[in-house]
Every structure is written in C-alpha cells, then in structure tokens.
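So the structure is just underneath, and the comments pick up after that.
There are 2 protein chains.
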Amino acid sequence: MSRQQIVAGAADMLRRRGLNATSIREVAKHAGTPLGSTYHYFPGGKDQLAAEAVRLSADFVSKVLDQQLRQGPAEGVRAFFELWREVVAGNDFKAGCPVVAVAVEEADHPEALAAAADAFRAWSAQLAASLEEHGVEPQRAAQLATLVVGAAEGAVVLCRAQRGIEPLEAIATELTALLASAVRT
Amino acid sequence: MSRQQIVAGAADMLRRRGLNATSIREVAKHAGTPLGSTYHYFPGGKDQLAAEAVRLSADFVSKVLDQQLRQGPAEGVRAFFELWREVVAGNDFKAGCPVVAVAVEEADHPEALAAAADAFRAWSAQLAASLEEHGVEPQRAAQLATLVVGAAEGAVVLCRAQRGIEPLEAIATELTALLASAVRT
DNA sequence: GTCTATACGAAGATAGAC
DNA sequence: GTCTATCTTCGTATAGAC
Chain A
3 MSRQQIVAGA
13 ADMLRRRGLN
23 ATSIREVAKH
33 AGTPLGSTYH
43 YFPGGKDQLA
53 AEAVRLSADF
63 VSKVLDQQLR
73 QGPAEGVRAF
83 FELWREVVAG
93 NDFKAGCPVV
103 AVAVEEADHP
113 EALAAAADAF
123 RAWSAQLAAS
133 LEEHGVEPQR
143 AAQLATLVVG
153 AAEGAVVLCR
163 AQRGIEPLEA
173 IATELTALLA
183 SAVRT
Chain B
3 MSRQQIVAGA
13 ADMLRRRGLN
23 ATSIREVAKH
33 AGTPLGSTYH
43 YFPGGKDQLA
53 AEAVRLSADF
63 VSKVLDQQLR
73 QGPAEGVRAF
83 FELWREVVAG
93 NDFKAGCPVV
103 AVAVEEADHP
113 EALAAAADAF
123 RAWSAQLAAS
133 LEEHGVEPQR
143 AAQLATLVVG
153 AAEGAVVLCR
163 AQRGIEPLEA
173 IATELTALLA
183 SAVRT
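Protein chains in written order, with our numbering: chain A, 3 to 187; chain B, 3 to 187.
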C-alpha cells in the first residue's frame, strides 16, 4: 500500500531536513505517487502527514523499548541508545529524530506537535515503569527516565553538529553507570 | 547599528521557527531594514547570517559560563540550566536554542553548521575544564561535560513539545546530584 | 552605501478531468 | 479513486535607481 510508503518517506525526510524543509511535493515524488494522492490520503495536509510520521517513528521505538525492557531497565536503555546510534551513524551524521524535528520548529501544525509530545511522554513512561519495577521510587524513576530521553535526543543533536558518534557514546556511558547505581540503591 | 539588530533578530527567529522557516525577508522586516540591506551586510546570504546568529548566541552563553564557573562547576551548571529555563519559560515554551535549530536541519549552510559544532564544543570544553580543576579526571570530565550540554539541549526540546518546564527541572535535578558526587569523589 | 523592484523557483493547497 | 494543472504566496537572491 502506498499510504504507508508516504508516511515512512515523510519520516525519513523529517529526520534529515526538519519539518519546514520537508515538502509534500518531494515526499510524494519520493514515494512515486502524484501530489494529489497525498491530499487524498491525508486531507489534513502537512500537519496530518507529519503527525502520522511522528507516530510511526514513536511506535517503532516504543515497541523496541517494550521488548527490551523485559530484560530490565539497563537493557532497555542500552537498546534505546543503540537505536539512536544506528540512526545517526548509519546516515552519515545527517539524520536525527523526527520527533525532535517537529518539536523545535514553531509552525501551525498542532496535530504533529501533539504527536511529538505524546512520543516523548510514552518513552519516558515506559522507562519509568521499568525502573519502578526494579525498586526505584516513583519520583526518582520519572526523573531518571526524563533524563535518559532528553539526554539521548540531545546527544543525537550533538553528533549531527560535530559529525561524530563520540557525544552519544559519552552520554550513554555516563547514563548507564548512573542507572546501574540508581537501581542498585 | 542595525547590523547587530539583524543578527539578534535572526537568532530570535531561529529559536522559535528553526532554520528553514527563518526567512531573510522577515528578519529584515523585523529589524526595520529593507531586504537589500541584509545582503549588503551579509553577502554570504542566509548561511552567513545564520552562522553569525549562532555565534552571537554561543558567545553569550560562553560568557555566562565563564563567569559562573569561577565559583566552581556546580554554580556553572546551575547557571547553564537557568539560562535555558529563562529562554523556554520566558517565551511560552515556543523558543529553544538556535544552535540546535541549525544542527537538526540538513541544508546547504556549511558555515552555520560549523558554527553550531563550535558552540557545542566550546560549552563542553568550558565545563570540562572546570571539572578537571576540581579534581575530576580528564576523560570523565569530558564525558560529564558532554552529558550536561546534551541533556540540557534535549531538555529544552522536551519542554517545548510538552509545553511545560518539568523536563528541564527533572534533568537539572538529576545532573546537579550526579556532578556533586563526581566532584566529591 | 541604501533601498526599490524584480527575476525565478518552489511551497501548500485545490479544482476538476479522467 | 487517481492524477494533472493551476492558484496564490513566499522563498533566495540580484540589478540597478537614488
């Protein structure tokens, strides 16, 4: 089905170019469909398309988290950072997170922005729940989960700017140690 | 002088809208100068203007850091987070960091991207140097400094998406504690 | 040196032919 | 239901009048 291809292509373009530079025209061309088709599939226009692209990416990450967190918070966090490492390094440091792309550009796209907020909240909630299950008290678990999500996203930004994977590795190392000590406590 | 106003206005627009949605036309209008003037002051076009806006913001942060770090790394980090808290909360959660804005949008703006990389490196280096002075070993100091910069930038993104200051506060709390323990060690 | 006017392309969105 | 053609607006950049 070409609808899925359009959304996936939009997510990919969001990763690289950001929201404003992702044109519906080019998304359509990349998916091999005419411009009119995108407005048939997505009558809400760019806002709807961007929102679906964000949800697609967010759900993928959530599924990986859900699976890996069964082996405990440490494994979940490791997988989370590994995901971002693959995105950044696998795209020559020219791609990042589509959720961030939507969040940092003020535009008239309320549905997409809401999807971005939901994505961050969902990831944090998954991590926090796992930490709680392993003995971290609720408030601290939420704080640590927010730190992991925020630091990972920030790390991706730093890696893109500096065209190297070092920031992500440094941040992953520090957070892995911090979480290990928090769970142990 | 209007040149400074143009750069400051560009930085402000970058914060809110991102790189691609910041048009030279509107920057000129906002500064009260005709479009042609901007190309007189900035013959390198948008790339040069964005690069100067990034450097202006980066230098401001560096100066604050330089001053506050004299009272030790804890005070420097506190001031760093306070800066971002003011930017985010003072703009109704609709503004962020112009350096991030440039870093996350792949565009043909090499000078601006280089300025963004320099900004992140400079802030990290300042923090790392202060940590070293207070007994943290070099490699660890660099790792912690990268974490602080990345986590703060990520926190700003989360705050914008969720339209609230909580992520920044949570992350600042965790990092303050982590740094205190690292310096003490 | 400052600014007006404009060239040229691409954006979001829609109307309406097939 | 699919797609072409087009409307309108805005982008970067420049030429050339004052």
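Backbone N, C-alpha and C fix where the C-beta goes; we use that ideal spot for every residue, glycine too.
Using beta-carbon distances, E134 of chain A does not count as an interface residue toward chain B, since no partner is under 9 angstroms. Under the Cβ criterion (8 angstroms, minimum of three pairs), the stretch 129-147 of chain B does not count as touching the stretch 94-102 of chain A.
Comparing alpha-carbon positions, the option among B:A55, B:N93 and B:E135 lying closest to R165 of chain B turns out to be B:N93.
Think of a sphere of 8 angstroms around the beta carbon of G156 of chain A: the chain B residues whose beta carbon falls inside it are V151, G152, A153, A154, E155, G156, A157 and V159, in chain order. DSSP places A53 of chain A in the uninterrupted alpha helix (DSSP H) bounded by G47 to Q70. Annotation: Cβ neighbours of I173 of chain A in chain B (cutoff 9 angstroms, chain order): Q145, T148, L149, G152 and A153.
At a cut-off of 9 angstroms, the C-beta of V138 of chain B has no neighbouring C-beta in chain A. Per the coordinates, the alpha-carbon of T187 of chain A lies some 26 angstroms from the alpha-carbon of F122 of chain A.
Contact between A12 of chain B and A60 of chain B does not hold, since the beta-carbon distance rounds to 14 angstroms and is not under 8 angstroms. Taking the C-beta atoms as reference points, Q73 of chain A is found no nearer than 9 angstroms to T35 of chain A. For T35 of chain A, the secondary structure class from DSSP, reduced to helix, strand or coil, is coil. Not flagged as an interface residue toward chain B: G34 of chain A, since no C-beta distance is shorter than 9 angstroms. Listed along chain A is no residue with a C-beta nearer than 8 angstroms to that of R186 of chain B; the closest approach is about 14 angstroms.
Judged by DSSP in its simplified three-state form, V151 of chain B adopts helix. Under the criterion of beta carbons closer than 8 angstroms, V56 of chain B and A127 of chain B do not qualify as touching, at roughly 17 angstroms. No residue range can be given for R165 of chain B, since it is assigned to no alpha helix (DSSP H) and is classified by DSSP as neither H nor E. For F122 of chain B, the closest Cβ of chain A is nearer than 9 angstroms. Among the residues of chain B, those whose CB is under 8 angstroms from the CB of Q164 of chain A are A119, F122 and R123, following chain order.
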